[in-house]
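**Student:**
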């Protein structure tokens with residue numbers, strides 16, 4: 001990205017042509033979104049897949065397109081997420097919510113109130129986001145058809161190649177999930193997670209048989 005900034009006079013015409021073409025056709029060229037996955041060992045004795053941390057290497061031109069979309073999308077996210085997702089709001093921190101949760105548990109213990117704590121593991125949720133469901137959620141939140149096509153083009157056209165000993169292997173495509181390394185992914189995941197947050201709040205107020 002720094003190369004584009006330093007040599008804008010050289011790249012400007014080609015970059016603007018690519019952006020205008022994407023704006024007009026709403027289809028991103030496959031070559032822009034080819035992603036290399038580099039496996040970084042977590043320790044010196046890594047011998048299993050779980051011992052490696054995958055890092056996605058995305059093209060700078062694709063990052064430029066996604067950042068243009070993010071600059072507009074970030075203004076929508078703050079007004080659409082639930083208060084329980086405070087960690088995803090600008091100016092809020094995850095540690096603040098952890099502190100609130102800890103104090104809430106201590107209050108229940110001190111007053112000996114009945115209740116329970118539910119801990120949910122969202123470690124793999126990033127990789128299981130259904131694209132059609134995401135598009136449906138965006139539509140329900142009032143995102144226009146053109147915008148949704150731009151977003152869908154970014155997330156559905158990705159192809160991956162794993163780097164093994166510095167050599168790229170045959171490419172493969174995905175059918176769901178958010179692409180790590182894409183600046184759009186965190187914001188889109190927040191919007192999807194908001195549905196889960198609303199469902200949890202709905203179950204709280206359901207009649208006793210559903211508790």
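Numbering (full-length UniProt numbering), first residue to last: 1 to 211.
We put the beta carbon where it would ideally sit given N, CA and C, even for glycine.
1. From what residue to what residue does the beta strand (DSSP E) around residue 186 run?
2. Tell me residue 68's beta-bridge partners as DSSP assigns them.
3. Within 10 Å of its beta-carbon, does residue 211 have 16 or more other beta-carbons around it, so buried, or fewer, so exposed?
4. Within the chosen definition, does the region 173-193 reach the region 117-137 through at least 3 CB pairs nearer than 8 Å?
5. Roughly how many whole angstroms lie between the Cα atoms of residue 113 and residue 134?
6. Can you say whether residue 57 is buried or exposed, counting buried as having 16 or more other CB atoms within 10 angstroms of its CB?
7. Enumerate, from N- to C-terminal direction, the unbroken beta strand (DSSP E) stretches of 3 or more residues contained entirely within the region 98-182.
8. Exposed or buried, what is residue 164 when buried is set at 16 or more other beta-carbons lying within 10 Å of its beta-carbon?
9. Please classify residue 76: does DSSP put it in a helix, a strand, or coil?
10. Taking the C-alpha atoms as reference points, what is the distance between residue 117 and residue 106?
11. Quick check on DSSP: helix, strand or coil for residue 33?
12. For the candidate residues 44, 55, 36 and 147, whose alpha-carbon lies nearest to that of residue 168?
13. Beta carbon of residue 33, beta carbon of residue 55: below 7 Å?
14. Should residue 159 and residue 173 be called a contact, given that it needs their Cβ atoms to be closer than 7 Å?
15. Let me confirm a value: residue 94 is counted as buried when at least 16 other C-beta atoms fall within 10 Å, else exposed. Which label applies?
16. In the structure shown, what three-state DSSP assignment does residue 50 receive?
17. To the nearest angstrom, how far is the alpha carbon of residue 81 from that of residue 63?
18. Mapping the DSSP letters down to three states, classify residue 28 as helix, strand or coil.
**Tutor:** Put simply:
1. No beta strand (DSSP E) contains residue 186, which is instead part of the alpha helix (DSSP H) from 185-204.
2. DSSP output for residue 68 lists no bridge partner at all.
3. Because residue 211 carries a pLDDT of 48, less than 50, the predicted location of this residue cannot be relied on, and the following value inherits that uncertainty. So residue 211 ends up on the exposed side.
4. yes
5. 39 Å
6. exposed
7. 159-164
8. exposed
9. helix
10. 11 Å
11. helix
12. 36
13. no
14. yes
15. exposed
16. helix
17. 24 Å
18. coil
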